[in-house]
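Since the structure comes first, as structure tokens, the remarks are kept for the end.
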Amino acid sequence: MEVSIDKNSGYCFGVEFAIKMAEDEMEHEDKLYCLGDIVHNDMEVARLKAKGLAVIDREDLKDLHDCKVLIRAHGEPPETYQVALQNNIELIDASCPVVLKLQHRVKTAFDKMQREDGQIVIYGKKGHAEVIGLTGQTQEKAIVVMNDEDLDQIDFQKPVTLFSQTTKSTKGFYALKEKIEARIKAKKGKLDEVDFNANDSICRQVSNREPQLQVFAKEQDVIIFVSGKKSSNGKALYQVCLQENPRSYFVENETEISNEWFEKSDKVGICGATSTPMWLMEKVAKYIKEQDELIPA
Ligand code: SF4
Numbered sequence: 001m002e003v004s005i006d007k008n009s010g011y012c013f014g015v016e017f018a019i020k021m022a023e024d025e026m027e028h029e030d031k032l033y034c035l036g037d038i039v040h041n042d043m044e045v046a047r048l049k050a051k052g053l054a055v056i057d058r059e060d061l062k063d064l065h066d067c068k069v070l071i072r073a074h075g076e077p078p079e080t081y082q083v084a085l086q087n088n089i090e091l092i093d094a095s096c097p098v099v100l101k102l103q104h105r106v107k108t109a110f111d112k113m114q115r116e117d118g119q120i121v122i123y124g125k126k127g128h129a130e131v132i133g134l135t136g137q138t139q140e141k142a143i144v145v146m147n148d149e150d151l152d153q154i155d156f157q158k159p160v161t162l163f164s165q166t167t168k169s170t171k172g173f174y175a176l177k178e179k180i181e182a183r184i185k186a187k188k189g190k191l192d193e194v195d196f197n198a199n200d201s202i203c204r205q206v207s208n209r210e211p212q213l214q215v216f217a218k219e220q221d222v223i224i225f226v227s228g229k230k231s232s233n234g235k236a237l238y239q240v241c242l243q244e245n246p247r248s249y250f251v252e253n254e255t256e257i258s259n260e261w262f263e264k265s266d267k268v269g270i271c272g273a274t275s276t277p278m279w280l281m282e283k284v285a286k287y288i289k290e291q292d293e294l295i296p297a
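Counting in our numbering, the final residue of the sequence shown is number 297, and the numbers go up one at a time with none missing.
Put into structure tokens, the structure is as follows:
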């Protein structure tokens, strides 16, 4: 078998930056707290835990004092910064610059919507860490939408400013935009900039991967997609592979691989999500190469 790793797979720069910051910090600290999983990948979380990274949630944060806490790439709502200030917690802020910029845009748009009696709508997943950071900019007034039923929460008589969680699909965003436009027109009989302002805030680090991955998946006989099962980006990118290549398999690590998936002459491609570490894809590639002699000719 011929085994290759997709050169475009693996960490986006936001996650890479957060992990580097955590590792640098742990070089001279025995313990570093991290608000939530630093990446949606259990293998990487376990590796960093062994180095001293302790995952906590926002409730735990309230009970901590005089220590260091890392903010991961997804960012945090303003409340987290207030708690840190009150409890003398030093924040190691590894929020992705793209997310920070989006938080700022959401805050500015929210202030404008307050003056104009309008609404902020976020296309994203309720409860997702990045979405919590975004709704925090709007005093929790933003409306989070994911599907058609969620649209009923919007008052289409009033102005709407739309943003997207950075990791949502571009296709989904533009489909939602069209639905909102149609509902505004149906209610008001018109549609202009005052009524609706749509901001495509999807991160190109993610959306650019789709076309690149389509090409890679098509070139291979078998795709082994490596990702944590909790990663929404992983689930979406796996679907991209599956559409191009029906022999695509989703695994968390090499132990989930079955030799029945391969034939001796196969070209096997390894790829993954923006939260998949390169060391893990290399480990999976090595494992598959070792299986070669066990596959019947
Ligand atoms: S996907 Fe984009 S926005 Fe999200 S952490 Fe990575 S670089 Fe930042």
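Note that beta-carbon positions come from the ideal geometry of N, C-alpha and C, so glycine has one too.
My output table needs one value for residue i: the three-state DSSP class, helix, strand or coil.
i: I202; result: coil
i: G14; result: helix
i: Q119; result: strand
i: C34; result: strand
i: A54; result: strand
i: D93; result: strand
i: F250; result: strand
i: S232; result: helix
i: T161; result: strand
i: L151; result: helix
i: V83; result: helix
i: N41; result: coil
i: K286; result: helix
i: I257; result: coil
i: V194; result: coil
i: I143; result: strand
i: T276; result: coil
i: H74; result: coil
i: T166; result: coil
Do residue i and the ligand SF4 come close, with the Cβ less than 8 Å from some heavy atom?
i: E130; result: yes
i: C203; result: yes
i: P277; result: no
i: F13; result: yes
i: P97; result: yes
i: T274; result: yes
i: H74; result: yes
i: T167; result: yes
i: N87; result: no
i: N233; result: yes
i: V106; result: no
i: V206; result: yes
Under 6 Å Cβ to Cβ from residue i, same chain only, skipping five residues before and after it: list those, please.
i: F156; result: R183, I184, K187
i: C12; result: Q205, T274
i: T170; result: I202, S207
So residue i and residue j are in contact, right, with Cβ under 8 Å, and what is the actual spacing, rounded?
i: E76; j: L102; result: Actually they are not in contact, since the Cβ atoms of E76 and L102 sit about 13 Å apart, beyond 8 Å.
i: T161; j: I120; result: 5 Å
i: I154; j: T135; result: Actually they are not in contact, since the Cβ atoms of I154 and T135 sit about 15 Å apart, beyond 8 Å.
i: D42; j: E252; result: 7 Å
i: V206; j: T274; result: 6 Å
i: C271; j: I202; result: In fact, because the Cβ distance is near 20 Å, the residues do not count as touching under 8 Å.
i: D57; j: V45; result: Between V45 and D57 the Cβ distance is about 14 Å, and since that is not below 8 Å, they are no contact.
i: E257; j: I288; result: Inspection of the sequence shows that residue 257 is occupied by Ile rather than by Glu. Contact flag correct, Cβ pair sits at about 7 Å.
i: F225; j: F250; result: 5 Å
i: Q137; j: V106; result: 5 Å
i: A73; j: G10; result: Incorrect: roughly 14 Å between the Cβ atoms, too far for contact.
Who pairs with residue i in a beta bridge, going by DSSP?
i: K20; result: Answer by DSSP bridge pairing: none, since K20 is not bridged.
i: C271; result: F225
i: K177; result: Partner(s): none; K177 has no beta bridge.
i: E2; result: K267
i: N8; result: DSSP, once it has assigned bridges, lists no residue as partnering N8.
i: V69; result: Y33, L91
Less than 8 Å separating the Cβ of residue i from some heavy atom of the ligand SAM?
i: R105; result: Ligands in the displayed structure: the ligand SF4; the ligand SAM is not one of them.
Once the 5 residues before and after residue i are set aside, which same chain residues still bring their CB inside 8 Å of it?
i: A84; result: L61, V69, E90, L91
i: I143; result: Q119, I120, V121, I122, D150, Q153, I154
i: E25; result: L32, K68, L70, I92
Can you give me the Cβ contacts of residue i inside the same chain, cut-off strictly under 7 Å, excluding the 5 residues immediately before and after it?
i: K177; result: L162, A198
i: D266; result: M1, D221, V222
i: K283; result: E254
i: E244; result: Q214, A217, K218
i: N88; result: H65, D66
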